[in-house]
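Comments concern the structure below.
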Amino acid sequence: NHISTWNGGKTEKYFWNQTLNEINIEIPMYKEVKTSEINVEISNKNMKVCHLNELKLEGTFYEEVNKQECMWNIEDKKKIIFFLEKKRENWWPCVLKGDPEIDTTKIESKKNLTDFDEKTQGEIRKFLHKQKLKNEDMASSEELREEVLLKNVMDKKRYPFIN
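Set out below in structure tokens:
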């Protein structure tokens, strides 16, 4: 059993998945390993993983990660699992540059409205309301107000002495 490759993929060396904020990687070891036998180096731009001085994975991230928020552990004694926090919220086509890429346009990018802060939630609701009105061929209250103001200006231009 490996980690899900949802919004991610599989390479010759590892399985991976992602959300907008993080990347998860599993390196299968195929034999029991101990934490003391694993050497991991992670910077904002690169990662290197060795088991008993044998290189298992090395490369430059597709984009930067927050080094301080990256963790790893051994699961079921035969898998090294990494949790990497992305520096920027977005979709990566691959974890390490040069690895096979996925089509990020086919990613299932649903995010709950409650995952956003209140200000962003308000902006999203306003946008969705405008889209709904536009689809129903109705004007928003803002557009109606602009229409009334424009009409008032036009009336004053035609009848400048009436007030």
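Counting from 1, position 118 in the sequence shown corresponds to residue 121 in this note's numbering; the numbering is continuous, with no gaps. Don't be surprised by glycine CBs; every beta carbon is placed ideally from N, CA and C.
{"Item": "E35 vs I6 beta-carbon contact at 8 Å", "Value": "no"}
{"Item": "Contact test: L23 Cβ vs the ligand NAD heavy atom, cutoff 7 Å", "Value": "Although the ligand NAD was asked about, the structure shown includes no ligands whatsoever."}
{"Item": "Where H132 falls: helix, strand or coil (DSSP)", "Value": "helix"}
{"Item": "For P31, the nearest candidate out of E139, N69, K80, Q124 (CA to CA)", "Value": "K80"}
{"Item": "Contact the segment 62-69 vs the segment 7-21: 3+ CB pairs below 8 Å", "Value": "no"}
{"Item": "Chain-order list of residues whose beta-carbon lies under 7 Å from that of T38 (same chain, five-residue window excluded)", "Value": "I77"}
{"Item": "Nearest-angstrom beta carbon gap, E25 and K89 [assumed within contact, 8 Å]", "Value": "6 Å"}
{"Item": "8 Å Cβ cutoff met for F85 and C73", "Value": "yes"}
{"Item": "Inter-residue spacing [alpha-carbon to alpha-carbon] between I105 and N93", "Value": "14 Å"}
{"Item": "Counterpart residues of V52 in DSSP-defined beta bridges", "Value": "V43, L60"}
{"Item": "Inter-residue spacing [alpha-carbon to alpha-carbon] between T63 and K129", "Value": "40 Å"}
{"Item": "Cβ neighbour criterion (16 or more within 10 Å) applied to I127", "Value": "exposed"}
{"Item": "Cβ neighbours of N155 in the same chain (closer than 7 Å, five flanking residues each side left out)", "Value": "none"}
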